[in-house]
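S.K.: Structure below; questions to follow.
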Ligand SMILES: Cc1cc2nc3c(=O)[nH]c(=O)nc-3n(C[C@H](O)[C@H](O)[C@H](O)COP(=O)(O)OP(=O)(O)OC[C@H]3O[C@@H](n4cnc5c(N)ncnc54)[C@H](O)[C@@H]3O)c2cc1C
Ligand code: SF4
Ligand code: SF4
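Residue numbers (our numbering), protein chains in the order written: chain A, 1 to 445; chain B, 1001 to 1327.
Below you can see the structure in the form of structure tokens.
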């Protein structure tokens, strides 16, 4: 079947490869459990072919052929997803969106139209050169794609001021699993239900995003920082809630353990960035509002290191497993979620470090981002236990399942608990749109 | 160095069995080799890699090339590299993917590429005597810069020698053809030892010479400003900016020549390879052209540079050429 599908895709003029090097390149996403396997020279999975479409029409053709032969298709952007979603366990065809790589800047309307395969860091460079910014800055900005952001409902470091990817989207073009192309008119607001939202966070389950129109912003003239230290997480969270009235562009709270790592201090640290014309007035007011001690320079220290994830490469070869768990909660539950989830992770035998920061804030609450590193006797059972305990503790204490990394295979067993009555609706949507279940089989549902 | 307070926290929070495992592995911290560390990275320099940007497949992305090398899959993708070190410049661990891959090269692809390279060389030199050696490098001929450079050097009154040695050995080095490289560089070293120093238009040649004990400088070091004026965009050749650390000098020279110098997206040490660096042109010629086309999109004014390969790729002008026209 796969051979016939490959031939047909090739004869339609779409580049498709069965070369082993290409197949190895598309054998996994960035779920941490894949890394110890690679170290042992084992491949987590292996697609049989990789298709490299350059246009929406080519994506459509690939999906039509895959449907005709019932061949599984896995969608790949940058492969930086951490939830074991893009990993092609059923083989089949991996569709690389990276060839969809055009960028059109519309300065007048402050928009950018970008192909799904455009890599974030490059898009930001191009925009900066013209005096603009997307202000969508996930830590994986340099290795993730526009399509991947939409598919995972990504969130960037400036989300507190500018919103998450769904808030930046103006319109989307996508290809449904049977090859049908859906395009909508780009307008500042639209009529009827906003159906493009079904692709936001659907992790390639319902279709392949091929292009997106997004808002852009002028590069801010002023960029001012605030750093404050506290004795407890509760004090920091209370100040963060108050500071939301001033709409900081970026805000974070680091717990004592992370403060130690970043700032060599065992207090809790809040940092905030104020941007734009009223930045100095906001900063002045913020300094008057906060109850903690101002501790200048910490925001700068973090900003400098914010894309550095090299610790992973240093500790994984020693047998460590390292991951992050991000959950959202209302203000009311913040302290409880923070304390209980950390306790749950630390309680698993094998844990070496567990810490947290709050990284995204809303009028109604925030996101806690837990980081753990373990050196267990058995990595897989340790990892499964940490995840189970952390998620169940979060759900029990008012936290949710995921803030921005997504569901994938890693969290799918808890999805119905999170979305309740929408879960059967999602299943129905999947079976209507993807009758032969070819797209991202095994992900989320 | 791990903060001692972090260590005491770890000791306080960790169970006994894990502490025992920790004691065993801690001495190995930081000992993993660069290929392993790079393979484990989520490709944090993906956005700056020009080869990836042109080819649009993860296979030739920095971290995946390290993965392929680690797994012993060394037939093809590991050759798809400009020795541009954009990865190293962006890497928090200071890792050069190209430096690491070189030892895995030397196979079929290398042999085919070197054949193409050798066929492309067209060097014609009339020998002359002088205190310093002018070593043009093969690309200076291909980009028609040789006669103009000779003219400029003569007009500036520089007493330079020319000999018929034609290759610094860089292509052999990059392709992992170690013996042939040694042969080339020793010949050049022997010739160069007769002079006070060597100058060249080509940043690649200068870098290879310096790395191999030859006193060499880029031609910019001997140029003097000639008034011209106008608006130009300066393209930093990647080897010149990153490996020879020459970033301010060409801008200063251009400013003294009366130019308003504009910066493209990706400039200074964060520059972007033109596509014609190293031997990528002899491995994936269409993709090398694509890198060049995409790089050209970053400029708003006429492109001026200081490297014969960049000049060709970007259809721009070399500073030497601007001078030759004005002198
Ligand atoms: C070091 C690091 C830091 C990170 N930081 C953040 C962060 O700050 N914020 C954040 O939100 N995430 C973060 N992530 C997670 C990850 O980068 C995001 O989920 C990102 O959006 C994934 O994009 P990608 O292009 O790499 O997608 P991939 O990993 O290739 O794919 C992710 C999922 O989306 C699907 N998909 C990809 N492209 C498309 C498409 N065009 N159409 C349909 N489905 C598609 C895939 O099938 C898969 O299910 C981080 C990851 C790493 C490794
Ligand atoms: S060179 Fe550095 S940043 Fe690039 S992939 Fe390797 S480790 Fe990551
Ligand atoms: S040397 Fe240049 S081409 Fe090679 S991996 Fe690094 S950035 Fe990419």
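Virtual Cβ for every residue (Gly too), placed ideally from N, Cα, C.
1. Can you tell me which residues fall inside 7 Å of ligand 3, judged by beta-carbon distance to its nearest heavy atom, and keep chain order?
2. So which of 200(A), 188(A), 159(A) has the shortest CA-CA distance to residue 150(A)?
3. DSSP on residue 372(A), reduced to helix/strand/coil?
4. For a test of your reading of the model: does the CB of residue 367(A) fall under 6 Å from any non-hydrogen atom of ligand 2? Yes or no.
5. Tell me the DSSP secondary structure of residue 135(A) in three-state form.
6. Are any of the Cβ atoms in chain B nearer than 7 Å to that of residue 143(A)?
7. When you check each C-beta in the stretch 14 to 30 of chain A against every C-beta of chain B, which residues fall closer than 7 Å?
8. Check for me: the beta strand (DSSP E) holding residue 269(A) runs from which residue to which?
9. With DSSP run on the structure shown, which of helix, strand or coil describes residue 104(A)?
10. For residue 265(A), I'd like the list of residues in its chain whose CB is within less than 7 Å of its CB, leaving aside the five on either flank, ordered along the chain.
11. Is it buried or exposed, residue 81(A), if we count other Cβ atoms within 10 angstroms and call 16 or more buried?
12. Would you verify that the beta carbon of residue 1092(B) is, or is not, closer than 7 Å to some beta carbon of chain A?
13. Taking the CB atoms as reference points, tell me whether residue 275(A) and residue 223(A) lie closer together than 7 Å.
14. Is it the case that the Cβ atoms of residue 1259(B) and residue 1232(B) are separated by a distance below 7 Å?
15. Pull out every residue of the stretch 300 to 317 of chain A whose Cβ sits closer than 7 Å to any Cβ of chain B, in chain order.
16. Within the 7 Å Cβ cut-off, does residue 1280(B) reach chain A?
17. Check whether the stretch 285 to 305 of chain A touches the stretch 375 to 386 of chain A, taking contact to mean three or more Cβ pairs, one atom from each stretch, closer than 8 Å.
18. Compare the C-alpha of residue 1214(B) against each of 1114(B), 1132(B), 1309(B) and name the closest.
19. From the DSSP output, read off the bridge partner residues of residue 1230(B).
20. Could you please give the first and the last residue of the uninterrupted beta strand (DSSP E) stretch that includes residue 75(A)?
21. Let's see if you can read the secondary structure: which residues bound the alpha helix (DSSP H) around residue 330(A)?
22. Return the residue from the list 1205(B), 1174(B), 1104(B) that minimises the CA-CA distance to residue 1168(B).
23. Check whether the Cβ of residue 121(A) lies closer than 7 Å to any Cβ atom in chain B.
24. Classify residue 444(A): buried if its beta carbon has 16 or more other beta carbons within 10 angstroms, exposed otherwise.
25. Under DSSP, the alpha helix (DSSP H) around residue 1030(B) begins and ends at which residues?
26. Please confirm if residue 1034(B) has its CB atom under 7 Å from at least one CB of chain A.
27. Give a yes or no on whether the minimum CB-CB distance between residue 1265(B) and chain A is below 7 Å.
28. Would the beta-carbon of residue 139(A) be found less than 6 Å away from any heavy atom of ligand 1?
29. Checking the sheet assignment: what are the DSSP bridge partners for residue 455(A)?
30. Which bits of chain A does residue 1271(B) rub up against, with CB to CB less than 8 Å?
31. Starting from the Cα of residue 35(A), find the closest Cα among 317(A), 126(A), 182(A) and give me that residue.
32. At least one CB of chain B closer than 7 Å to the CB of residue 118(A): is that the case?
33. Rank 1265(B), 1104(B), 1256(B) by C-alpha distance to the C-alpha of residue 122(A) and give the top, closest one.
34. Does the beta carbon of residue 209(A) fall short of 6 Å from some heavy atom of ligand 1?
35. Would residue 118(A) and residue 90(A) be called neighbours here (beta carbons separated by less than 7 Å)?
36. For residue 1317(B), which residues does DSSP report across the bridge?
M.R.: Considering the structure as presented:
1. 1045(B), 1048(B), 1049(B), 1050(B), 1051(B), 1052(B), 1062(B), 1065(B), 1081(B), 1082(B), 1083(B), 1084(B), 1085(B), 1086(B), 1087(B), 1088(B), 1096(B), 1097(B), 1098(B), 1273(B)
2. Taking the first residue of the first chain as position 1, residue 150(A) is located at position 150. Among 200(A), 188(A), 159(A), the Cα nearest to that of residue 150(A) is on 200(A).
3. Position 372 of the first chain, counted from the start, is the residue given in the question as residue 372(A). Here residue 372(A) sits in strand by DSSP.
4. Indexing the first chain from 1 puts residue 367(A) at position 367. Residue 367(A) Cβ: outside cutoff for every heavy atom of ligand 2.
5. Within the first chain, residue 135(A) is the residue found at index 135, counting from 1. The answer is coil: DSSP assigns residue 135(A) none of H, G, I, E or B.
6. The sequence position of residue 143(A) within the first chain is 143, counting from 1. At a cut-off of 7 Å between beta carbons, residue 143(A) contacts chain B.
7. Along the stretch 14 to 30 of chain A, going in chain order, the ones with a CB nearer than 7 Å to a CB of chain B are 20, 21, 22, 24, 25, 26, 30.
8. Along the first chain, read from residue 1 onward, the residue named residue 269(A) stands at position 269. Its beta strand (DSSP E) spans residues 268 to 275.
9. Here residue 104(A) refers to the residue found at position 104 when the first chain is read from its first residue. Three-state result, residue 104(A): strand.
10. The residue you call residue 265(A) lines up with position 265 of the first chain. So the qualifying residues of the chain are 229, 259.
11. The residue you call residue 81(A) lines up with position 81 of the first chain. Residue 81(A) should be labelled buried.
12. Counting from 1 along the second chain, the entry for residue 1092(B) is found at position 92. So, interface residue.
13. Position 275 of the first chain, counting from 1, holds the residue named residue 275(A). Position 223 of the first chain, counting from 1, holds the residue named residue 223(A). It is a contact, given that the beta carbons lie within the stated cut-off.
14. Looking up residue 1259(B) in the second chain gives position 259. Looking up residue 1232(B) in the second chain gives position 232. Yes, the pair counts as a contact, with Cβ atoms nearer than the cut-off.
15. Under the 7 Å Cβ criterion, the stretch 300 to 317 of chain A contributes 307, 308, 309, 310, 312, 313, 314, 316, 317.
16. Residue 1280(B) sits at position 280 when you count from the first residue of the second chain. Cβ-Cβ to chain A under 7 Å: no for residue 1280(B).
17. The stretch 285 to 305 of chain A makes no contact with the stretch 375 to 386 of chain A; the number of CB pairs closer than 8 Å stays below 3.
18. Residue 1214(B) sits at position 214 when you count from the first residue of the second chain. Looking at the Cα atoms, 1132(B) is the closest of the given residues.
19. In the second chain, residue 1230(B) corresponds to position 230, counting from 1. For residue 1230(B), which the question treats as bridged, DSSP gives the partners 1259(B).
20. Position 75 of the first chain holds residue 75(A). From DSSP, the beta strand (DSSP E) with residue 75(A) extends over 73 to 76.
21. Indexing the first chain from 1 puts residue 330(A) at position 330. Under the DSSP assignment, residue 330(A) falls outside any alpha helix (DSSP H), being part of the beta strand (DSSP E) whose first and last residues are 321 to 330.
22. Numbered from 1 along the second chain, position 168 holds the residue referred to as residue 1168(B). Closest by C-alpha distance to residue 1168(B), out of 1205(B), 1174(B), 1104(B), is 1205(B).
23. One-based indexing of the first chain puts residue 121(A) at position 121. Yes, residue 121(A) counts as interfacial toward chain B.
24. Position 444 of the first chain holds residue 444(A). Burial of residue 444(A) is indicated by the presence of at least 16 other C-beta atoms within 10 angstroms of its C-beta.
25. Working through the second chain from its first residue, we reach residue 1030(B) at position 30. For residue 1030(B), there is no enclosing alpha helix (DSSP H), since its DSSP letter is neither H nor E.
26. Numbered from its first residue, the second chain carries residue 1034(B) at position 34. For residue 1034(B), the answer is no, since every Cβ of chain A falls outside 7 Å of its Cβ.
27. For the purposes of this step, residue 1265(B) is identified with residue 265 of the second chain, where counting begins at 1. Chain A, which has a Cβ nearer than 7 Å to the Cβ of residue 1265(B), makes this yes.
28. Counting from one through the first chain, the residue named residue 139(A) turns up at place 139. Yes, Cβ of residue 139(A) sits closer than 6 Å to a heavy atom of ligand 1.
29. With chain A covering only 1 through 445, there is no way to say anything about residue 455(A).
30. In the second chain, counting from the first residue as 1, residue 1271(B) sits at position 271. Near residue 1271(B) there are no residues of chain A at all, since even the closest Cβ is about 12 Å away, more than 8 Å.
31. In the first chain, residue 35(A) corresponds to position 35, counting from 1. Considering only alpha carbons, the answer is 317(A).
32. The residue you call residue 118(A) lines up with position 118 of the first chain. For residue 118(A), no Cβ of chain B is located within less than 7 Å of the residue's own Cβ.
33. Here residue 122(A) corresponds to residue number 122 of the first chain, with the count starting at 1. Nearest of 1265(B), 1104(B), 1256(B) to residue 122(A), Cα basis: 1265(B).
34. Indexing the first chain from 1 puts residue 209(A) at position 209. With a cutoff of 6 Å, residue 209(A) counts as near ligand 1, since its C-beta is closer than that to a heavy atom of the ligand.
35. Here the question's residue 118(A) lines up with position 118 in the first chain. Here the question's residue 90(A) lines up with position 90 in the first chain. Residue 90(A) sits away from residue 118(A), with the two beta carbons spaced by 7 Å or more.
36. Position 317 of the second chain, counting from 1, holds the residue named residue 1317(B). According to DSSP, which records beta bridges pairwise, residue 1317(B) is partnered with 1304(B).
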